[in-house]
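Here the protein sequences come in this chain order: P and S. Sequential numbering of the first sequence, starting at 1, is according to UniProt numbering. Sequential numbering of the second sequence, starting at 1, is according to UniProt numbering. We put the CB at the ideal spot given by N, CA and C, even for glycine. For clarity, every value in this text was computed on a predicted model and none was experimentally measured. Before any comments, here is the structure.
2 protein chains.
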Amino acid sequence: MTPPHPAWLPVPAFRPVGSRRVRVTGTGLLVTTVRDEVAAAVAAHGGALVDDGPADLELVLVGDGGSGEFDASGGFGGSEEFTVARAGTTSVRAGGGAGLLYGFHHVVRLGEAAFAADFAPRRHAPRQPIRMLDHWDNTEVHPFMGQVERGYAGNSIFYADGRVREDLDRVAEYARLLGSIGVNRVGLNNVNVHRAEARLLTDLLPDVVRLADVFRPHGVRVHLSVGFSSPVTLGGLPTADPLDPAVREWWDRATAAVYAAIPDFGGYVVKADSEGRPGPFAYGRDHADGANLLARALAPFGGTVFWRAFVYDHRQDWRDRATDRARAAHDHFAPLDGAFDPNVVLQVKYGPMDFQAREPVSPVIAALPRTRLAVEFQVTQEYTGQQKHVCHLVPQWSEILRFPLDGRTVGDLVDGVVAVSNVGLDRFWTGHPLAQANLFGFGRLAWDDRLAPDAVLDEWIGLTFEDPAARGPLRELMDDSWPTYERYTAPLGVGFMVTPGHHYGPSVDGYEYSPWGTYHFADRDGVGVDRTRATGTGFTGQYPAPWRDVYESPETCPDELLLFFHHVPYGHVLHSGKTVVQHVYDTHFEGVEEVVRMARVWAGLEGRVPDGVFGRVAELLAEQLRCATEWRDQVNTYFFRKSGVPDAHGRTIH
Amino acid sequence: MTPPHPAWLPVPAFRPVGSRRVRVTGTGLLVTTVRDEVAAAVAAHGGALVDDGPADLELVLVGDGGSGEFDASGGFGGSEEFTVARAGTTSVRAGGGAGLLYGFHHVVRLGEAAFAADFAPRRHAPRQPIRMLDHWDNTEVHPFMGQVERGYAGNSIFYADGRVREDLDRVAEYARLLGSIGVNRVGLNNVNVHRAEARLLTDLLPDVVRLADVFRPHGVRVHLSVGFSSPVTLGGLPTADPLDPAVREWWDRATAAVYAAIPDFGGYVVKADSEGRPGPFAYGRDHADGANLLARALAPFGGTVFWRAFVYDHRQDWRDRATDRARAAHDHFAPLDGAFDPNVVLQVKYGPMDFQAREPVSPVIAALPRTRLAVEFQVTQEYTGQQKHVCHLVPQWSEILRFPLDGRTVGDLVDGVVAVSNVGLDRFWTGHPLAQANLFGFGRLAWDDRLAPDAVLDEWIGLTFEDPAARGPLRELMDDSWPTYERYTAPLGVGFMVTPGHHYGPSVDGYEYSPWGTYHFADRDGVGVDRTRATGTGFTGQYPAPWRDVYESPETCPDELLLFFHHVPYGHVLHSGKTVVQHVYDTHFEGVEEVVRMARVWAGLEGRVPDGVFGRVAELLAEQLRCATEWRDQVNTYFFRKSGVPDAHGRTIH
């Protein structure tokens, strides 16, 4: 079998470190990981790992020698910090193994710059203590969703034939990649917990132990998605009522058994009362009752429950204009602020709908000041091209994390960043080789949301591609790929318009008469969803000032969100000076032209990137162009047929 | 296990015959079948099977004693005839076992009327020598299509776990039902021949022998769907080119092996160059080359090849207005008239598209006077409610078989009627108990297309339901159910508007931007497909006079087909005096009201039909009402949003 692509950790990326004389001090599992990294790097590049004597060291990596990389308090933020300096010799000093590992990779990313001019000590600490990737992996292959739900890179790297794989080399490589970018938590199974996967909590627990053992040396704690009705389905109890003492006991016992096997287990991820999953509503309890039940089972061991706020009516009647899915999470959770235990993290999707290319920031993030929150992204490109399209999402996440709410940013308000992973057994990990940049960038932004997205992209390109001449074109191709994707898909924040079920490719009316609450309400006169307080669903009222007013008026609402908040006539003039319908036409023609340019840039990289990468990306760009053209033509035709307004520039609309 | 429902052959239906003194003469397999039927009937109802002496006989059934119920010439129409008379005693005389069987069931259907006033001898012969049901059954369960493709009544009665079932009692019951209505051919497997099912022709042939043995006593010959590329996939040859001698030899050998095992095997059913199936086009050959290849392998044994005319481009570009799927079968096959061997039957779907609730009759039926044709229907309700909706299709088939072309009717022009069966393991056979009427009516119309649909319905009701008070309401509920279904679904012949993939429930734009060639082209001004010679695709030109001119003009085109042939403004006034858009609103409101009435009629039958039937139908009527309401609201809203024209009667359009 071909070995997997090294992603951003190819051998040449270690040359600056590996060609030098390096000392690693300290003990403990993660210090050993750092030592092994250094040993491999110097073996490849002619440097030396120098254990004794003051022998012309060029890099010293000083761990504190403590063994407590995972402390039972559940917070190991302290030990994740490191300080880097250069005064003749470059040094990294950390209070724990995790910090040393992150400091080591910081130096790898700096490259030769780490060994150039002296610089004063600089302390580095993560902005978010929680930096987590969720895997929507099933142990078995689901007939419709495949093995990895919303996965676009082959089957699960964790599971085969209903069990954890025998050979976990691939998982170890993955854990190393995550450790190198500071990801410190991973959810091992699909939030939609099916019957087979439920058993990971009980009889398959020894399998989970094996995964935990593989992730641990890289500073990554494992978590399980659990079904809220497990006391019934696994335990045989008559109820899963969170206030029932037998239910509490069941969770306490099950959780204690997990910690007996995995002392540094991270906790549970729960999708409850959501899209058909069981939850506390069935027992007349609220989500604080539900979350606290699990939180109290986890608390003695320092575990956390990640409780998803993605609760809405997925059997809505499209005729019912009063119900607004966008309101649901706030309606359900804002009243519960203060009711959650301290080891509950409410996991909130970044937008009020579902991982669209463009949504406003979820108002839930400003609505629960007394609750720990994590914002949830999709590294997996469910609605953003499914790893067939280049769509570099780091700028989107950056924009969201920097979004101001009540004088702070989203990044300030949350305790963590969680995302759905995009990896699978594919030899490039992510299907599209360039989608590795999203995985890398997620880790980097989770560590520090103030990093500039283009700087993160440059880091990734610099590590991944050896030929300096490839870097400019790669950046050109990738850095605006999210706005490009937005241009040729659903316009002005209206969202969806995807093919029902698999969510790839256009279907303008695909969800228009569905029970999913995702409508655009286009008619012969106009399009968009009236979510104002004045005449609509009142969703704008869930925002604090100034957004509640900025979004309320079409005059102040940003163009890119206009149709999310307002139903306007096709002739409505945007801030850009264009009418809505002309904007639709223009952006769709432009989007396709940009994909043509991307393909041209890529063609120029032949010979400058490895052949396997070149060929795969070239093929996928052809598919992206085909699909973008389909989006352009379907959306333009749809709005031309509805509005009757011809394109101002006379281009072909079918 | 609950025994299956007796359908139209319950014990009470045999009382008129079974309470009398009956003689059966003649020998042979089918005469034995008749004798066994009589024996069972008299045992149940107190009559007698009288073998010797002139003992007050009330019914004599006279077979000719020949053993040749299946003659090797491939035509056994002669032996299917019978003559029935009454002169004191009722008599049935037949030239063969099949005729005797049909005559016996004729008397069963007559009931007491067969034993009332005398009547002169009347000869009965089938109008169509070919009366065939195709089963789209797979030996294995297909992940998307299930075991029975487009089946709505559970898994296959033939197959389990990749083989023919051990227990064939259910198949024997089915064969008896088919024999009783004169069906004389059955296709055993899906026309989409997958890898597993291909082996029915070779290593699973002993399994097919077992099925043939079960069908034979009821006068039903078995057929296999075969893949055109079988010489490659099964035979390991490098080609399936129909002109290649090794390919010919392979088919000759395979076919000889089938006939060695099943001397009365009926022949092959072939879907070639259609929706991705292999065919002669791959070798630069035409469909006559392809069909004749198989015909010549079958000819020495009296076998027939059923070659489907369902050939079209299923990867059409929706932007391409010049390509018209409706034209495809005629374009492909009309030029080949005269080129087919005499044992080829070209199997033509009744309409140019695909089994819609309303289509014009296929012009192919008038276009190949020197070719044997069969018209193909769907008893399975793929596009007509999937056996969740009451939709009595016999009036549709009657209308088509009576449709005049070149001074004759469709029934005159064809040599056979073929349909896709609607049965499965469901205890009512057909999912919806009232869908049994379609299976019954298919056999009856295939025997005699001049029968009145309401008379056929009355026959079925009379046989199936014992309580005479149930019969009027049942007729009221069922006889207009096809026009009702048409009213609440796609309007004025435009077709489709179904959910892609499973084809159940509305999706007005579901196929509008698809590669399937099934579009309605609705915009803000109008709707419909211009298939005229003057300004459209020219499809009208495929019809003989007068239809080529009747359909060409919106002035003469029948309302119910207007949007199939013309793109018209919403304000276009129909012959009914209504505008197109008001017609859409009115029919959709009416259709739902009719379903409400149907449910009310059914509610009145509680206690008059068996409880199991009552409950099942009541449940399904609730689903039909839900689905019809969804159709009404989606279609009305869609056209209101497009046209902006309000309902003249101010009813709610969402």
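One or two residues paired with residue i in a DSSP bridge
| i | result |
| --- | --- |
| V305 of chain P | P:Y268 and P:V344 |
| L625 of chain P | BP columns for L625 of chain P are empty, so no partner. |
| P404 of chain S | S:T409 |
| Y159 of chain P | P:V164 |
| F119 of chain P | P:R86 |
| residue 718 of chain S | Coverage of chain S is limited to positions 1 through 654, which leaves residue 718 of chain S absent and any answer about it impossible. |
| V498 of chain P | P:P506 |
| H124 of chain S | S:F82 |
| S91 of chain P | P:V60 and P:A85 |
For residue i, three-class secondary structure by DSSP
| i | result |
| --- | --- |
| I130 of chain P | strand |
| K349 of chain S | strand |
| F640 of chain P | helix |
| F82 of chain S | strand |
| N138 of chain P | strand |
| residue 657 of chain S | Summary: the structure shown does not reach residue 657 of chain S, with chain S confined to residues 1 through 654, and so no result is reported for it. |
| F377 of chain S | strand |
| T32 of chain P | helix |
| A282 of chain S | helix |
| P335 of chain S | helix |
| S507 of chain S | coil |
| F70 of chain S | The pLDDT assigned to F70 of chain S is 46, lower than 50, so where the model puts this residue is not dependable, and the model offers no usable value. |
| V423 of chain S | coil |
| H432 of chain S | coil |
| V148 of chain P | strand |
| A48 of chain S | strand |
| G416 of chain P | strand |
| R370 of chain S | coil |
Between the CA atoms of residue j and residue i - distance to the nearest angstrom
| i | j | result |
| --- | --- | --- |
| T535 of chain S | V494 of chain S | 18 Å |
| P544 of chain S | T556 of chain S | 15 Å |
| D341 of chain S | D203 of chain S | 29 Å |
| A40 of chain P | S91 of chain P | 19 Å |
| G407 of chain P | A328 of chain P | 25 Å |
| V344 of chain S | G279 of chain S | 16 Å |
| F564 of chain S | R358 of chain S | 9 Å |
| T27 of chain P | F104 of chain P | 15 Å |
| R15 of chain S | N438 of chain S | 24 Å |
| A419 of chain P | S576 of chain S | 59 Å |
| P6 of chain P | F377 of chain P | 24 Å |
| G97 of chain S | G179 of chain S | 11 Å |
| G652 of chain S | N636 of chain S | Checking the displayed sequence, the identity of residue 652 of chain S turns out to be Thr instead of Gly. Distance between the alpha carbons of T652 of chain S and N636 of chain S is about 9 Å. |
| L405 of chain P | Q396 of chain P | 17 Å |
| R608 of chain S | Y638 of chain P | 52 Å |
| T239 of chain P | L477 of chain S | 45 Å |
| T537 of chain S | D320 of chain S | 11 Å |
| V550 of chain P | H572 of chain S | 46 Å |
| G227 of chain S | K642 of chain S | 45 Å |
Against chain S: residues of the region 372 to 388 of chain P by CB proximity under 9 Å: The residues in question: there are none.
Alpha helix (DSSP H) runs wholly inside the region 555 to 623 of chain S, at least 4 long, in chain order: As far as the region 555 to 623 of chain S is concerned, its whole alpha helix (DSSP H) runs of at least 4 residues are 562 to 565 and 580 to 603.
4-residue-minimum alpha helix (DSSP H) runs that sit fully inside the region 509 to 557 of chain P, ordered along the chain: Fully enclosed alpha helix (DSSP H) runs of 4 or longer: 547 to 550.
To test your reading of the DSSP string, which unbroken alpha helix (DSSP H) runs of 4 or more residues are found completely within the region 185 to 273 of chain P? Look at the region 185 to 273 of chain P and you find these whole runs of alpha helix (DSSP H), each 4 residues long or longer: 195 to 198, 205 to 215, 230 to 233 and 245 to 261.
By the 9 Å beta-carbon criterion, what residues does the region 123 to 143 of chain S contribute toward chain P? Of all residues in the region 123 to 143 of chain S, only P143 place a beta-carbon less than 9 Å from a beta-carbon of chain P.
Give the residues from the region 631 to 646 of chain S that approach chain P closer than 9 Å (Cβ to any Cβ), ordered along the chain. Residues of the region 631 to 646 of chain S with a C-beta less than 9 Å from any C-beta of chain P: D633, Q634, T637, Y638, F640, R641, K642, S643 and G644, listed in chain order.
Name the residues in the region 312 to 338 of chain S whose C-beta lies less than 7 Å from a C-beta of chain P; which are they? Cβ contacts with chain P: R319.
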